[in-house]
Structure formats: C-alpha cells, structure tokens
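Enquirer: Numbering (my numbering), first residue to last: 100 to 333. The following block contains the structure, expressed as structure tokens.
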Amino acid sequence: MQAEIETLLIVQDRDQKISGCSKQLAHIPDDEADAKRRLQGDEKALVECKAEIQANEIEMKNLELDIDTRKESVARLKVQQFETKKNEEFRAMGVEIERYGDEVAALEDRELEFMEIGEQLKKKLAGATAALAATQVLVDEELADLESRTENLNKELADLEKERSEIATGLDEDIVEVFDRLMKNKNGVAVVALKEGQCSGCHVRVISATVVEAKAEKGLTHCENCGRIVYFAN
Ligand SMILES: [Zn+2]
Numbered sequence: 100m101q102a103e104i105e106t107l108l109i110v111q112d113r114d115q116k117i118s119g120c121s122k123q124l125a126h127i128p129d130d131e132a133d134a135k136r137r138l139q140g141d142e143k144a145l146v147e148c149k150a151e152i153q154a155n156e157i158e159m160k161n162l163e164l165d166i167d168t169r170k171e172s173v174a175r176l177k178v179q180q181f182e183t184k185k186n187e188e189f190r191a192m193g194v195e196i197e198r199y200g201d202e203v204a205a206l207e208d209r210e211l212e213f214m215e216i217g218e219q220l221k222k223k224l225a226g227a228t229a230a231l232a233a234t235q236v237l238v239d240e241e242l243a244d245l246e247s248r249t250e251n252l253n254k255e256l257a258d259l260e261k262e263r264s265e266i267a268t269g270l271d272e273d274i275v276e277v278f279d280r281l282m283k284n285k286n287g288v289a290v291v292a293l294k295e296g297q298c299s300g301c302h303v304r305v306i307s308a309t310v311v312e313a314k315a316e317k318g319l320t321h322c323e324n325c326g327r328i329v330y331f332a333n
C-alpha cells in the first residue's frame with residue numbers, strides 16, 4: 100500500500116474518533132437536563148404536600164376561631180342568664196347556650212378530623228421528602244458521571260487532535276485539502292478500499308481504468324462515482 104494512503108487511513112481513523120468524541124460531548128448538556136428533569140416530579144409532589152398541610156392548618160385555625168367565638172357567646176349568655184330576672188329570657192338564653200354548645204361539639208368533632216388529616220399529611224411529607232432526597236442522590240451521581248465523562252472526552256479529544264495534526268504534517272498540503280473536503284462531504288469517509296472492482300464507499304463498480312490506476316499506486320485514485328480516494332485491496 101502507498102505510504103500516503105496508509106497515512107491518510109490513520110488520519111481518517113483519528114478524524115472519525117474526533118467526530119465520535121465531539122458528538123458525545125455535544126449530547127452531554129441534554130443528558131444533564133434529562134437528569135435534572137427527573138427531580139421535578141418529586142419537587143412538585145413535595146410542594147403540593149406542603150400546600151395541603153398549610154390548607155389543613157388554615158382550616159383548623161378557622162375552626163378554633165369559630166369554637167372560641169361560640170364559647171365566648173356561651174360565657175356571655177351565662178352571665179346574662181345569671182343577671183336576668185325574667186323567666187322567659189332565662190329560658191331563651193338557655194336554648195341559645197345549648198345551641199352554641201351543640202355547635203361547639205360538632206366543630207370539635209370536625210377539628211379532630213382535620214387533626215387526623217394533619218397526621219396523615221405529616222407522614223406524606225416525610226415520604227415526599229425522602230423520595231426527593233433519594234432521587235437527588237441518583238441525579239447527583241449521574242451529574243458527577245457526566246462531568247467526569249466530559250473531562251475524559253475532552254482529554255481524549257485533545258490527544259486525538261494533537262496526534263492527528265502530527266500525522267497529517269507528513270502529507271502534502273494538496274492531499275490534505277482534498278482529503279478534508281471529502282471527509283466533510285462524504286459523511287466522514289474519504290479513503291476506501293477498492294475490492295473486486297467495487298468502491299467500498301458507494302458500492303458502485305468502477306471502470307477498469309480506475310482499477311488499473313489504483314493498482315499502479317501512483318498518485319491518488321478517485322472513485323469516478325462518489326469521488327472518494329480508493330486504494331487497491333484485491
Ligand atoms: Zn465510490
């Protein structure tokens with residue numbers, strides 16, 4: 100095989116690896132965003148749970164105020180009842196006191212229900228907090244992995260680029276120019292084998308003159324169909 104072809108094949112290999120590293124690096128921000136998105140569900144559940152607890156506390160507070168108001172009314176009525184000398188008024192106040200008493204009992208029953216809900220919500224909050232913490236651990240691990248992957252890929256990329264440029268300095272500028280153009284336009288494959296008269300790049304059978312030219316190994320031979328550099332393999 101021609102020395103130039105051998106060198107070009109190595110450059111092509113490094114270029115393909117450089118392209119692979121670059122693609123992986125380009126994908127990392129998406130992977131990071133995906134990882135962070137995984138926290139959103141747990142964060143939302145926690146926020147919702149806290150809102151439920153707050154709403155429940157407000158309900159309880161309102162109930163307590165209602166209970167206090169009625170208790171004050173009962174106390175006031177009891178004083179008035181004690182002071183009155185009219186039997187009818189005394190009885191009417193007695194009815195009122197009883198009514199308020201019943202209301203207070205009903206409100207206290209409801210308060211107990213809300214307290215029970217409060218207990219359940221406390222457990223729910225603990226669960227949601229633990230779930231978020233567990234997800235956070237996983238996400239942190241994933242982000243750390245992505246960070247070290249970025250570091251490794253950047254290092255690999257720098258090594259490959261250095262190596263590539265060192266190897267390419269041994270080539271003619273014109274050849275490098277043709278090769279670079281082909282790499283860009285031919286999907287990252289510029290140099291291919293010519294096997295049994297067929298170009299391995301486009302899989303088209305080349306004319307016999309091309310086979311003869313490649314076999315002679317004088318200068319670069321191109322596939323007349325796809326334009327890639329071909330070398331005689333068998
Ligand atoms: Zn071809």
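Every residue gets a Cβ at the ideal spot worked out from N, C-alpha and C, and that includes glycine.
Determine the DSSP secondary structure at Gln101, reduced to helix, strand or coil.
Expert: It is coil, neither helix nor strand.
Enquirer: How do the stretch 126–140 and the stretch 237–245 stand: do at least 3 beta-carbon pairs fall below 8 Å, yes or no?
Expert: They touch, by the three-pair rule.
Enquirer: Where Arg137 and Thr234 are concerned, what is the direct C-alpha to C-alpha distance, given to the nearest angstrom?
Expert: Approximately 8 Å between the Cα atoms of the pair.
Enquirer: Distance check for Ala134 and Arg280, CA to CA, integer angstroms please.
Expert: Arg280 and Ala134: Cα-Cα distance of roughly 38 Å.
Enquirer: Mind reading off the beta-carbon distance from Leu206 to Asp165? Whole number of angstroms is fine, and I expect it under 8 Å.
Expert: Indeed they touch by this definition, with Cβ atoms about 5 Å apart.
Enquirer: Out of Glu316, Glu210, Cys301, Ser264, state which residue places its alpha-carbon closest to the alpha-carbon of Leu162.
Expert: Selected option, being the one with the closest Cα: Glu210.
Enquirer: Within its chain, find whatever has a CB closer than 7 Å to the CB of Leu252; leave out the 5 residues flanking it on each side and keep chain order.
Expert: Counting only Cβ-Cβ distances below 7 Å, and skipping sequence neighbours, we find Cys120, Gln123, Leu124.
Enquirer: Which two residues bound the contiguous alpha helix (DSSP H) that contains Val194?
Expert: 186–267 is the span of the alpha helix (DSSP H), which, as asked, contains Val194.
Enquirer: Within the same chain, show all residues whose beta-carbon is closer than 7 Å to that of Gln115, passing over the 5 residues directly before and after it, in chain order.
Expert: Contacts found: Gly287.
Enquirer: Ignoring anything shorter than 4 residues or poking outside the stretch 287–331, list the alpha helix (DSSP H) runs there in chain order.
Expert: Counting whole runs of 4 or more residues, the stretch 287–331 contains the alpha helix (DSSP H) stretches 307–315.
Enquirer: Buried or exposed: which applies to Val146, given that a residue is buried once 16 or more other Cβ atoms fall within 10 Å of its Cβ?
Expert: Val146 comes out exposed.
Enquirer: Asn324: beta carbon under 7 Å from a heavy atom of ligand 1?
Expert: Indeed, a heavy atom of ligand 1 lies less than 7 Å from the Cβ.
Enquirer: Could you check whether the Cβ of Gly269 sits closer than 7 Å to any heavy atom belonging to ligand 1?
Expert: Checking the Cβ of Gly269 against ligand 1 gives no.
Enquirer: Tell me which same chain residues have a C-beta within less than 6 Å of the C-beta of Glu158, skipping the five on either side of it?
Expert: Cβ within range, chain order: Phe213.
Enquirer: Tell me the residue span of the alpha helix (DSSP H) that contains Leu281.
Expert: Looking at the DSSP string, the run of the alpha helix (DSSP H) that includes Leu281 is 272–284.
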